[in-house]
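Chemist: Our numbering puts the first residue of the sequence shown at 86, with every later residue one more than the last. Every residue gets a Cβ at the ideal spot worked out from N, C-alpha and C, and that includes glycine. Quantities reported herein were computed from a predicted structural model and do not represent experimental measurements. Just passing along the structure, written as structure tokens.
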Amino acid sequence: MSGFSPDWLDLREGADHRARDAALEARLADYLAGRETITVVDLGCGLGSNLRGLSRVLPGRQSWRLVDHDPTLLAGARERLAAWADAARDDGGGGLRLEKDGRQITVSFAQADLAGDLDGALACSAGGAPDLVTAAALFDLCGASFLTRFAQAVAARRAAFHTVLTYDGRETWEPAHPLDAAFRDAFVAHQGEDKGFGPSLGPAATAHLARAFADAGYAAHQGESPWRLEAPRDAALIRALAEGQAQAVAETGRLAPDAVASWRAARIEAPRATIGHADLLCLP
Ligand SMILES: C[S@@+](CC[C@H](N)C(=O)[O-])C[C@H]1O[C@@H](n2cnc3c(N)ncnc32)[C@H](O)[C@@H]1O
Numbered sequence: 086m087s088g089f090s091p092d093w094l095d096l097r098e099g100a101d102h103r104a105r106d107a108a109l110e111a112r113l114a115d116y117l118a119g120r121e122t123i124t125v126v127d128l129g130c131g132l133g134s135n136l137r138g139l140s141r142v143l144p145g146r147q148s149w150r151l152v153d154h155d156p157t158l159l160a161g162a163r164e165r166l167a168a169w170a171d172a173a174r175d176d177g178g179g180g181l182r183l184e185k186d187g188r189q190i191t192v193s194f195a196q197a198d199l200a201g202d203l204d205g206a207l208a209c210s211a212g213g214a215p216d217l218v219t220a221a222a223l224f225d226l227c228g229a230s231f232l233t234r235f236a237q238a239v240a241a242r243r244a245a246f247h248t249v250l251t252y253d254g255r256e257t258w259e260p261a262h263p264l265d266a267a268f269r270d271a272f273v274a275h276q277g278e279d280k281g282f283g284p285s286l287g288p289a290a291t292a293h294l295a296r297a298f299a300d301a302g303y304a305a306h307q308g309e310s311p312w313r314l315e316a317p318r319d320a321a322l323i324r325a326l327a328e329g330q331a332q333a334v335a336e337t338g339r340l341a342p343d344a345v346a347s348w349r350a351a352r353i354e355a356p357r358a359t360i361g362h363a364d365l366l367c368l369p
């Protein structure tokens, strides 16, 4: 099981969508403009947030394949996409035919482990290679050799690649707390543990991916997608984020329990926080 709860993914979706780098999306839209239909694979799709965030800049006919190893999240994605669309019907094979703002979007769902079966995960619903491989909030969970293998697999298909919301290690909490730097270091250390893709690169994942795609002859464009969180709008997300980080840091044993408790108590009520993420677009 992934350990990503539907509650957490629902909670972050608004901040994720506000944060996405619009300039990179516009560049991707330009690259794909003129195509009537495009095929897309979304890896680690969770509840389908990336489709809801990206489809509005893509051509009018889209065929998405949503891949995750967690069947509960895949079922949740199906439910949320049907509710989000202007019109939705079953395609008779477990997928959906959606209409949204004049776009026709077909969606299929696949349960697969990316680490174990990357080629299967990258397959397109219609067969052949997808035009676009995308993922949101996934690659900071991955290790160097998986990321290199992944970039080579995408490049072998000559697909475009776009990813958003890879944690970049930069955090600013207001007001400052004396333990912020120690906390951030301990959190990054926790993130470096193996999440099923080898020891995770965490904040170093974007640079590694960009290099791997450049080595495969792609043009790599980097962008930024920081969460700019502010209470009261984002109070629930700030609280959940602080709780999650405090738990992760406690698990490392790097800070004393009373230090963790002090940071947590200050942070769950923080009025503002900026959490850095990177986006990346790689074009063949
Ligand atoms: C942080 S969540 C992001 C979900 C979604 N992309 C979003 O932006 O809301 C990471 C996702 O990757 C999925 N995941 C993690 N490891 C995976 C693996 N080995 N194979 C397939 N999916 C995986 C999780 O189930 C989860 O849905």
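Skipping 5 residues on each side, what residues in its chain have a beta carbon closer than 7 Å to that of Met-86?
Modeler: Reliability of the predicted coordinates at Met-86 is poor, the pLDDT of 35 falling under 50, and the value obtained from them is presented with this limitation in mind. Correct list, in chain order: Asp-155.
Chemist: Do three or more CB pairs link the region 353-362 to the region 250-264 at distances below 8 Å?
Modeler: In short, these stretches touch, since the Cβ pair count reaches three.
Chemist: Based on Cα-Cα distance, which residue from Gly-287, Cys-367, Ser-148 lies nearest to Leu-181?
Modeler: Out of Gly-287, Cys-367, Ser-148, Ser-148 has the C-alpha closest to the C-alpha of Leu-181.
Chemist: Return the chain-ordered ranges of every beta strand (DSSP E) run that is complete within the region 303-328 and spans a minimum of 3 residues.
Modeler: Complete beta strand (DSSP E) runs here, min 3: 304-309, 312-315.
Chemist: So for Pro-260, helix, strand or coil by DSSP?
Modeler: In this structure, Pro-260 counts as coil in the three-state DSSP scheme.
Chemist: Is His-154 near ligand 1, going by C-beta to nearest heavy atom under 7 Å?
Modeler: At least one heavy atom of ligand 1 is nearer than 7 Å to the Cβ of His-154, so yes.
Chemist: Considering only heavy atoms of ligand 1, does any lie closer than 7 Å to the CB of Asp-92?
Modeler: No.
Chemist: To test your reading of the DSSP string, which unbroken alpha helix (DSSP H) runs of 4 or more residues are found completely within the region 171-213?
Modeler: List check, alpha helix (DSSP H) in window: 203-206.
Chemist: Quick check on this structure: which residue in Asp-127, Ala-238, Trp-169, Asp-176 has the alpha carbon closest to the alpha carbon of Asp-186?
Modeler: Among Asp-127, Ala-238, Trp-169, Asp-176, the Cα nearest to that of Asp-186 belongs to Trp-169.
Chemist: What three-state label does DSSP hand Gly-138 in the structure shown?
Modeler: It is helical.
Chemist: Use the C-beta contact count for Asp-127: other C-beta atoms within 10 angstroms, 16 or more gives buried, fewer gives exposed.
Modeler: So Asp-127 ends up on the buried side.
Chemist: What number of angstroms, rounded off, separates the C-alpha of Ile-323 from the C-alpha of Asp-92?
Modeler: One C-alpha to the other measures close to 14 Å.
Chemist: With a floor of 3 residues, list each beta strand (DSSP E) that falls wholly inside the region 92-175, ordered by position along the chain.
Modeler: 122-128, 146-153, 172-175, all fully within the region 92-175.
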